[in-house]
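Input: a single structure, listed below in structure tokens.
In the working numbering, the protein residues as written are 92 to 233.
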């Protein structure tokens, strides 16, 4: 009961406090009056971004994912099946050519019985098409 009462007091006191945020950089730039140059510089950056989307480029990616996965564990002595939650790592590497062809690979790594090992691989070839009126992509993971 004391904890609930203390929590209510903290919430009541915290809700009555006022907060003042600082002006964002963009707001302060517009406040100085020269809005035309600010808008021009923003549009120039936006034009560069749009140009980079319309010109295909080859690129490579490397990433690592960390997560909690649930695995089925088979206990042969008791003839039962249970689930176990394990920390898993998923390093990935991929290469995507400007022609639209791409390939990526992923390894799934987890610790079982004190041993960390790769328990599954995934290889994904892909193709992306970007036309003026339609964009499409297809991939297959094995």
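Using N, Cα and C, we set each Cβ at its ideal position, and we do this for glycine too.
Being a predicted model, the structure only gives us computed values, none of them experimental.
For chain B, is any of its Cβ atoms less than 8 Å away from the one on residue i?
i           : result
residue 136 : Here there is only one protein chain, and chain B is not present.
State buried or exposed for residue i, treating a residue as buried only when at least 16 other CB atoms are found within 10 Å of its CB.
i           : result
residue 193 : buried
residue 213 : exposed
residue 176 : exposed
residue 163 : exposed
residue 179 : buried
residue 227 : exposed
residue 201 : buried
residue 132 : exposed
residue 195 : buried
Under the three-state reduction of DSSP, which class applies to residue i: helix, strand or coil?
i           : result
residue 138 : helix
residue 126 : helix
residue 230 : strand
residue 149 : coil
residue 95  : helix
residue 154 : strand
residue 163 : strand
Would you mind reading off the limits of the beta strand (DSSP E) that contains residue i?
i           : result
residue 206 : 206 to 221
residue 42  : Outside the displayed span of the chain (92 to 233) sits residue 42, for which this structure offers no information.
residue 195 : 192 to 203
So residue i and residue j are supposed to be a Cβ contact under 8 Å. How far apart are they, rounded?
i           : j           : result
residue 191 : residue 231 : Actually they are not in contact, since the Cβ atoms of residue 191 and residue 231 sit about 15 Å apart, beyond 8 Å.
residue 161 : residue 181 : In fact, because the Cβ distance is near 15 Å, the residues do not count as touching under 8 Å.
residue 187 : residue 137 : The Cβ separation is near 24 Å, so there is no contact.
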